[in-house]
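Under full-length UniProt numbering, the first residue of the sequence shown is numbered 1, with each subsequent residue one higher. The beta carbon of each residue, even a glycine, is placed where N, CA and C say it ideally should be. Being a predicted model, the structure only gives us computed values, none of them experimental.
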Amino acid sequence: MKAMIKDNLFKDQQTMVMDFDFGKDTAEVFDDMLDRSVPFYGEIQRMISEIAGYFAVPSTNLYDLGCSTGTTFIGLDPVVPEKVNFIGIDSSPEMLEKARKKFQDSAIGHPYELICMSLDDGVPILNASVVIMNLTLQFVRPLNRDRVIASIAHGLNDGGCLVLVEKVLSQDSTINRLFIKHYYEFKKRNGYSELEISQKREALENVLIPYHFEENRELLLRNGFKSCDVFFRWYNFCGMLALK
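What follows is the structure, encoded as structure tokens:
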């Protein structure tokens with residue numbers, strides 16, 4: 001694998017901070033951004049692989065919605081049964097191009113399809129045993145989230161699962177501020193400056209819209225999932241497993 005390009009997108013002072021996007025510049029540094037911005041990112045990926053390996057069924061589809069550069073599929077490849085089709089959906093053609101190159105470099109064994117589309121336009125889920133949304137739902141417009149989750153549940157086979165990882169808000173403002181404070185300290189430990197943190201926060205303000213944990217749980221249960229539980233939690237990051 002090629003060395004990751006360091007994320008310096010917000011290193012310099014910007015006259016006007018534009019909304020965050022997943023275009024070419026972001027795609028180039030996205031793997032480094034995730035490693036340095038998501039607590040225990042490697043462990044989350046390992047846990048997703050374990051869970052998906054348990055629920056994936058031969059002759060079904062495994063979806064990664066918001067698959068970005070394909071890191072999740074590379075981790076899944078050695079642990080998922082044969083004859084499971086990988087389907088990645090992402091709105092960024094630049095991210096999908098990075099994914100294709102990574103799949104070629106890693107000689108991924110499972111058949112795969114990469115589809116460029118926005119989840120806000122609908123989610124075509126068919127014959128699925130596993131659907132993954134790793135830090136993705138928070139970028140879907142809130143008015144579309146019920147429709148997206150209902151579509152996932154409809155396309156999942158009985159006994160299938162949704163693996164959902166999200167940033168979440170706390171119902172208590174004091175706890176919420178504390179969690180965010182420690183999250184920014186985590187980013188500083190990983191080499192981000194106050195300026196980088198501040199400018200990225202501004203860029204994400206109208207793009208990443210987190211829910212409370214309880215809101216995400218209710219969203220899942222009212223749209224076709226019979227149960228859900230937490231498999232990961234670190235301050236304001238939460239991984240949930242929902243069963244069809």
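{"Query": "Rounded separation between Lys188 and Ile180 - CA only", "Result": "12 Å"}
{"Query": "Classification of Val168 by the beta-carbon crowding that lies within 10 angstroms, buried from 16 upward", "Result": "buried"}
{"Query": "Ile44 beta carbon less than 9 Å from that of Asn190", "Result": "no"}
{"Query": "Cβ-based burial, Phe13 [other Cβ within 10 Å; buried from 16]", "Result": "Note that residue 13 corresponds to Gln in the displayed sequence, not to Phe. Counting Cβ neighbours within 10 Å, Gln13 comes out exposed, since fewer than 16 surround it."}
{"Query": "Residue from Cys161, Asp32, His182 whose Cα sits closest to the Cα of Gly224", "Result": "Cys161"}
{"Query": "Supposed contact pair Val123 and Val163 - C-beta distance, whole angstroms, cut 8 Å", "Result": "With a Cβ gap of about 15 Å, Val163 and Val123 do not count as contacting."}
{"Query": "DSSP three-state assignment for Phe30, whether helix, strand or coil", "Result": "helix"}
{"Query": "Residue interval of the beta strand (DSSP E) (run including Phe86)", "Result": "85-90"}
{"Query": "Residues bridged to Asn61 (per DSSP)", "Result": "Asn85, Ala128"}
{"Query": "6 Å CB neighbourhood of Val131 in its chain, flanking five on each side removed", "Result": "Tyr63, Ile152, Leu162"}
{"Query": "Burial state of Val79, where buried means 16 or more other Cβ atoms lie within 10 Å", "Result": "exposed"}
{"Query": "Limits of the beta strand (DSSP E) - the one that Tyr112 falls within", "Result": "112-116"}
{"Query": "Alpha-carbon spacing of Thr26 relative to Tyr112, whole angstroms", "Result": "23 Å"}
{"Query": "Neighbourhood of His182 by C-beta, 7 Å cutoff - its chain only, sequence neighbours within 5 removed", "Result": "Tyr235"}
{"Query": "Three-state secondary structure assigned by DSSP to Val123", "Result": "coil"}
{"Query": "Beta-bridge partners of Gly239, as assigned by DSSP", "Result": "Val165, Phe232"}
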